[in-house]
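Numbering (the numbering used here), first residue to last: 111 to 193. The beta-carbon is built from N, C-alpha and C at its ideal position, and this holds for glycine as well. Inspection log for the structure reproduced underneath, given as structure tokens.
Written out as structure tokens, the structure is:
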């Protein structure tokens, strides 16, 4: 099995995991029950993974973490707006 397939699958699942949460917050206009510290820490970690991918020139890390950063950042922004 090609290890890139495993990496791509892991990155895809990790990225799309934020879509249901973002959609629910947008639909209900409520993010009261989400942990702000968790999303601040997580989004910071994803940003660092993204930079790491850029420094390595690793396209799968860049793409997956870039998309995850956008989605996690969106959830974080909605948490700040709707809480």
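Review point. How would you label residue 171, buried or exposed, when you count the other beta carbons within 10 angstroms and need 16 or more for buried?
Key: By the 16-neighbour rule on beta-carbons within 10 angstroms, residue 171 is buried.
Exercise for review: Could you check if residue 149 is buried or exposed, using at least 16 other CB atoms within 10 Å of its CB as the buried criterion?
Suggested key: Buried is the call here.
Exercise for review: Could you say which of 168, 128, 118 lies nearest to residue 152 if we only look at CA atoms?
Suggested key: Of the candidates 168, 128, 118, the one whose C-alpha sits nearest the C-alpha of residue 152 is 128.
Review point. Given residue 230, which residues of its chain have a CB within under 6 Å of its CB, disregarding the five upstream and five downstream residues?
Key: Residue 230 lies beyond the residue range present for the chain, which begins at 111 and ends at 193; the question has no answer from this structure.
Point to revise | Option in 120, 143, 122, 121 with minimal Cα separation from residue 131 | key: Of the listed residues, the one whose Cα sits closest to residue 131 is 143.
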